[in-house]
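Colleague: Take a look at this one; I'll ask things after.
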């Protein structure tokens, strides 16, 4: 089943250019992690060491056995942590510390490379600009994505590549520090010199680091030709919890988000999506979309004001209870 993958993995193990760090929790539910690992093993003109930081061993063992991980990915590194030890920043820092390659690629377990040139194209972003500290990939919506999820991917990840610097902060606002650890590559020397991701983090560890990156004089590259499939069909409730944590992260980092308003980008996205739904003859979906938007904004507003909320409300609103139990008892 995995003979070709084994051959490619052994060939790549001779020279490792990229450490790929993927936090994992309950793998095997949708097959995306398996697809991502096979795609990473088959990359052209670049080599990868895969480092999985898995939350709770009991959810991992059976899946690993069924996928024949040890045979298919001989260079694979797996580290297990307890659920209460997971942190969006610290867990990724842990994964980075297990490698020594000049580049670190952080991915989520549901991001699947669209082709076999992902690593090559992301590395090219560094080769073209010696001040580039991070490169992030374009995210494409999966076939089953909702119309507004497709619009969100097109809104945040357009077809044209761009390089962002501190000089763009006044013009772009919060977008100047935008990048996503769904699929983002960092120069190891820069990542380590700037102290890695700031921990603990409930969310947004990537944008907090990106802000530090451009303020240290480095550049961020959005590489539209480096593509991964990644999208979600979140319910209104899921969006409320997710955006509550987003609001909390912004409230905790006024040095990054205090002087810029995220609402402006949100309004632009809503207007763009409404226009797309009308033009495509899907106006019937508008009420559902607006309901989801209302849930997102309510969660975000509550998160931005979490300090005024009773703890019992925070634990009901958050999507990450372990964060509050561990750091804010």
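In the numbering used here, the protein residues as written are 1399 to 1727. Even for Gly, the Cβ is constructed at its ideal location relative to N, Cα and C.
Within the chosen definition, does the segment 1689-1696 reach the segment 1562-1575 through at least 3 CB pairs nearer than 8 Å?
Modeller: With the cut-off at 8 Å, the segment 1689-1696 and the segment 1562-1575 do not touch.
Colleague: For residue 1579, collect the residues of the same chain with a Cβ closer than 6 Å to its Cβ; drop the 5 residues on either side in sequence, then sort them by chain order.
Modeller: Here the question's residue 1579 lines up with position 181 in the chain shown. So the list reads 1504, 1604, once near-sequence residues are dropped.
Colleague: Under DSSP, the alpha helix (DSSP H) around residue 1652 begins and ends at which residues?
Modeller: Taking the first residue of the chain shown as position 1, residue 1652 is located at position 254. Residues 1652-1655.
Colleague: Could you tell me if residue 1546 is buried or exposed, where buried requires 16 or more neighbouring beta carbons within 10 angstroms of its beta carbon?
Modeller: As a first step, residue 1546 must be located in the chain shown, where it is residue number 148. Buried, by the Cβ-count rule.
Colleague: Report the three-state DSSP secondary structure of residue 1669 (helix, strand or coil).
Modeller: Within the chain shown, residue 1669 is the residue found at index 271, counting from 1. Helix, per DSSP.
Colleague: Could you work out which residue in 1465, 1494, 1498, 1455 is closest to residue 1481 when comparing CA atoms only?
Modeller: Here residue 1481 refers to the residue found at position 83 of the chain shown. When each option's Cα is compared against that of residue 1481, the closest is 1455.
Colleague: Can you check whether the CB of residue 1534 is closer than 7 Å to the CB of residue 1632?
Modeller: Walking along the chain shown from the start, residue 1632 turns up at place 234. Walking along the chain shown from the start, residue 1534 turns up at place 136. Going by C-beta atoms, residue 1632 is not nearer than 7 Å to residue 1534.
Colleague: Where residue 1415 and residue 1501 are concerned, what is the direct C-alpha to C-alpha distance, given to the nearest angstrom?
Modeller: Taking the chain shown and counting its residues from 1, the one referred to as residue 1415 is at position 17. Taking the chain shown and counting its residues from 1, the one referred to as residue 1501 is at position 103. Taking the straight line joining both Cα atoms gives about 6 Å.
Colleague: Tell me which residues share the same chain as residue 1610 and place their Cβ nearer than 7 Å to its Cβ, disregarding the 5 neighbours each side in the sequence.
Modeller: Here residue 1610 corresponds to residue number 212 of the chain shown, with the count starting at 1. So the qualifying residues of the chain are 1592.
Colleague: Report yes if the C-beta distance between residue 1606 and residue 1654 is below 7 Å; otherwise report no.
Modeller: Along the chain shown, read from residue 1 onward, the residue named residue 1606 stands at position 208. Along the chain shown, read from residue 1 onward, the residue named residue 1654 stands at position 256. Yes.
Colleague: What are the uninterrupted segments assigned as alpha helix (DSSP H) that are 4 or more residues long and contained completely in the segment 1469-1535, given in chain order?
Modeller: Runs found: 1488-1495, 1516-1525.
Colleague: On the CB-based measure, 16 or more other CB atoms within 10 Å of its CB, does residue 1517 come out buried or exposed?
Modeller: Walking along the chain shown from the start, residue 1517 turns up at place 119. It counts as buried.
Colleague: Looking only at C-alpha atoms, which of 1693, 1716, 1694 sits nearest to residue 1704?
Modeller: Counting from 1 along the chain shown, the entry for residue 1704 is found at position 306. Closest option to residue 1704, Cα to Cα, is 1716.
Colleague: Can you tell me which of 1577, 1435, 1426 puts its alpha carbon nearest to the alpha carbon of residue 1461?
Modeller: For the purposes of this step, residue 1461 is identified with residue 63 of the chain shown, where counting begins at 1. Answer by Cα proximity: 1426.
Colleague: In whole angstroms, what is the alpha-carbon distance linking residue 1483 and residue 1672?
Modeller: Position 85 of the chain shown holds residue 1483. Position 274 of the chain shown holds residue 1672. Computed Cα separation, rounded: 41 Å.
Colleague: Under DSSP, the beta strand (DSSP E) around residue 1421 begins and ends at which residues?
Modeller: Indexing the chain shown from 1 puts residue 1421 at position 23. Its beta strand (DSSP E) spans residues 1416-1423.
Colleague: Can you give me the C-alpha to C-alpha distance between residue 1420 and residue 1677, rounded to a whole angstrom?
Modeller: As a first step, residue 1420 is located in the chain shown; it is residue number 22 there, counting from the start. As a first step, residue 1677 is located in the chain shown; it is residue number 279 there, counting from the start. So the two alpha carbons sit approximately 38 Å from each other.
Colleague: Suppose you measure from the CA of residue 1675 to the CA of residue 1683; what does that come to, to the nearest Å?
Modeller: Along the chain shown, read from residue 1 onward, the residue named residue 1675 stands at position 277. Along the chain shown, read from residue 1 onward, the residue named residue 1683 stands at position 285. Residue 1675 and residue 1683: Cα-Cα distance of roughly 7 Å.
Colleague: From the DSSP output, which residues share a beta bridge with residue 1620?
Modeller: Sequence index remark: in the chain shown, residue 1620 carries index 222 (1-based). Partner(s): 1534, 1560.
Colleague: So what's residue 1718 in DSSP terms, helix, strand or just coil?
Modeller: In the chain shown, the residue the question calls residue 1718 occupies position 320. Looking at residue 1718 - three-state DSSP - the assignment turns out to be coil, as it is neither helix nor strand.
Colleague: Smallest Cα separation from residue 1572: which of 1657, 1627, 1582?
Modeller: Reading the chain shown from its first residue, position 174 is the one you call residue 1572. Residue 1657 is the option with its Cα nearest to residue 1572.
Colleague: If I follow the unbroken beta strand (DSSP E) through residue 1447, where does it start and stop?
Modeller: In the chain shown, the residue the question calls residue 1447 occupies position 49. Run containing residue 1447: 1446-1453, per the beta strand (DSSP E) assignment.
Colleague: What did DSSP end up calling residue 1694 once you bin it into helix, strand or coil?
Modeller: Position 296 of the chain shown, counted from the start, is the residue given in the question as residue 1694. Here residue 1694 sits in helix by DSSP.
Colleague: Compare the beta carbon distance of residue 1608 and residue 1536 with 7 Å and say whether it is the shorter of the two.
Modeller: Translated into positions along the chain shown, residue 1608 becomes position 210. Translated into positions along the chain shown, residue 1536 becomes position 138. Going by C-beta atoms, residue 1608 is not nearer than 7 Å to residue 1536.
Colleague: Among 1417, 1679, 1540, 1643, whose alpha-carbon lies nearest the alpha-carbon of residue 1697?
Modeller: Looking up residue 1697 in the chain shown gives position 299. The option with the nearest alpha carbon to residue 1697 is 1643.
Colleague: With 16 other CB atoms within 10 Å as the buried threshold, where does residue 1728 fall?
Modeller: A question about residue 1728 goes unanswered here, because the residues of the chain that appear run from 1399 up to 1727.
Colleague: On the criterion of 16 or more Cβ atoms from any shown chain inside 10 Å, does residue 1635 qualify as buried, or is it exposed?
Modeller: Walking along the chain shown from the start, residue 1635 turns up at place 237. Exposed, since its Cβ has fewer than 16 Cβ neighbours within 10 Å.
Colleague: Take residue 1489 and list the residues in its own chain whose beta-carbon comes closer than 6 Å to its own, dropping the five residues that flank it on each side.
Modeller: Working through the chain shown from its first residue, we reach residue 1489 at position 91. If we look at residue 1489 and ignore the five residues flanking it on each side, its Cβ neighbours are 1421, 1451.
Colleague: Can you name the residues that DSSP bridges to residue 1605?
Modeller: Taking the chain shown and counting its residues from 1, one reaches residue 1605 at position 207. Paired residues: none, contrary to the question.
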